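Let me begin by presenting the structure, written as C-alpha cells, before commenting on it.
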Amino acid sequence: MAKLFRAAIMGPPGSGKGTISKRIAQSFGLQYLSSGHYLRESIAANTEAGVLVKTYVERGMLVPDHVMTRLMLPRLEQLSDHSWLLDGFPRTLAQALALNNLYQLDLVISLNIPYETLRERLSDRWIHPASGRVYNMGFNPPRVQGKDDITGEPLIQHDDDKPEALMARLRHYKDVAKPVIDLYKSQGVLHSFSGTETDRIWPYINSLLSTKMHAQPSDACQTQTP
Ligand code: G5P
Ligand code: MG
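For the sequence shown, the residue numbers in this note's numbering are -5 to 220.
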C-alpha cells in the first residue's frame, strides 16, 4: 500500500487556500478538510457550539483553540487510512502542537499573497450557502449575476468577508501564523509560494506534490514562484 500523505495549507484570508486545496484534492485524491467549512456547518446547524462559533466568525476573530481541536481532530481519527489535506487548520501554535501530538505532517504549503490582492479578492467573493460553491466577480463569476450556476438560487456574502471583519482577519493572521510557520520550517516540511495569481502558483504546487507524493521523506525547502 502507498504511504499515507498528510499535508496542510496555510495563508491569510483570501490567499487561495480553498481554491488550491480543491485542485490538490482533485488531482491527487487527498481527502480535503476545511476548518472554515466545518465552522460554517456548525453555525448553520445552530447547535450550542455553533451559536458560540458564530460570535467569533462574525467578528473575524479566531475561534478558541479547544473548540477548533475538538472540531477537527476527531475527523482526522476517522480518516486514519486516508491521505489528507487540511485547509485553515492549524492556525495557531496551540493547534499545531495538538495536531503534532497525533500526526507528523509530510508537507505544509504557505501562501504569501500581497495585502491589496487579498482585499480585492475578498470584497468580490460570493457564496452559494447550501453547497459552499464560491464565486468571484472577477476571477470566476457566476453565469447569471447574483445566482448560483447549478441551482439558480441567490448568492450571499459571508459576514466575515465584509469590510470590518476582513480588516481584523488580515491584521491577526501574520502575528498568529509566525510561530506556526517557524515550527514547520524547523521540521523541514514548509514550502512557501508567493504571487498574485492562483493560476500562476498552481503549476509549482502541482509539481511539488507530484514529487513529494512519490518520494518521501521530504526535504526542507523554500519554494518561491517568480
Ligand atoms: P476560513 O473559511 O478558513 P479564511 O479567512 O482563512 O477563511 P478564506 O476566506 O476561506 O480564508 P481562502 O480559502 O484562502 O480564503 O481563499 P479562496 O476562498 O480560495 O479564495 C478567495 C477568493 O479569491 C475566492 O473568491 C476565489 O475565487 C478568489 N481567487 C482565488 N484565486 C484567485 C486569483 O488568482 N485571482 C482572483 N482575482 N481571484 C482569485 O475561516 C473563516 C473564519 O473561521 C474561523 C476564523 O474566524 C476565520 O476568520 N477559523 C478559525 N479560527 C480559529 N482557528 C482555526 N483553525 C480556524 N479556521 C477558521
Ligand atoms: Mg477558505
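A virtual CB, placed ideally from N, CA and C, is assigned to each residue, including glycine. Source: prediction; values computed, not measured.
{"Query": "Residue from P157, I18, I121 and D153 whose Cα sits closest to the Cα of E147", "Result": "I121"}
{"Query": "For Q89, the first and last residue of its enclosing alpha helix (DSSP H)", "Result": "L87 to N94"}
{"Query": "Straight-line gap, R17 to E52 (C-alpha atoms, nearest Å)", "Result": "28 Å"}
{"Query": "Closer than 8 Å: D81 CB and nearest ligand 2 heavy atom", "Result": "yes"}
{"Query": "Beta-carbon proximity check, D143 vs R127, cutoff 9 Å", "Result": "yes"}
{"Query": "At least 3 beta-carbon pairs within less than 8 Å: the stretch 27 to 44 vs the stretch 75 to 95", "Result": "yes"}
{"Query": "N200 versus I37: straight-line alpha-carbon distance, rounded", "Result": "33 Å"}
{"Query": "A214, buried or exposed, once every other Cβ within 10 Å from all chains shown has been counted against 16", "Result": "Summary for A214: the model assigns pLDDT 39, below 50, so the residue's position carries little reliability; its value from the coordinates is reported in the next sentence. It counts as exposed."}
{"Query": "Sequence-distant residues of the same chain with beta carbon closer than 8 Å to P140, five excluded per side", "Result": "Residue 140 is actually Gly in this sequence, not Pro. These residues qualify, in order along the chain: W120, P148 and L149."}
{"Query": "Secondary structure of F228, DSSP reduced to three states", "Result": "Outside the displayed span of the chain (-5 to 220) sits residue 228, for which this structure offers no information."}
{"Query": "Reference S104, options A1, V47 and M55, closest by Cα", "Result": "A1"}
{"Query": "S223 versus P123: straight-line alpha-carbon distance, rounded", "Result": "The question about residue 223 has no answer, for the chain in this structure spans -5 to 220."}
{"Query": "Contact check, G132 vs E114, beta carbons under 9 Å", "Result": "yes"}
{"Query": "For A43, the first and last residue of its enclosing alpha helix (DSSP H)", "Result": "E42 to E52"}
{"Query": "C-beta contact flag for G54 and R163 at 9 Å", "Result": "yes"}
{"Query": "Cβ-Cβ distance between G189 and L116 below 9 Å", "Result": "no"}
{"Query": "Whole-angstrom distance between G10 and Q20, CA atom to CA atom", "Result": "15 Å"}
{"Query": "Collapsed DSSP secondary structure at D118 in the structure displayed", "Result": "coil"}
{"Query": "With 16 other Cβ atoms within 10 Å as the buried cut-off, status of Q151", "Result": "exposed"}
{"Query": "Any non-hydrogen atom of ligand 2 within 8 Å of G182 CB", "Result": "no"}
{"Query": "Proximal residues to Y252 (C-beta, below 8 Å), its chain only, five neighbours per side dropped", "Result": "Because the chain here runs from -5 to 220, residue 252 falls outside it and cannot be looked at."}
{"Query": "Cβ-Cβ distance between P173 and L93 below 9 Å", "Result": "no"}
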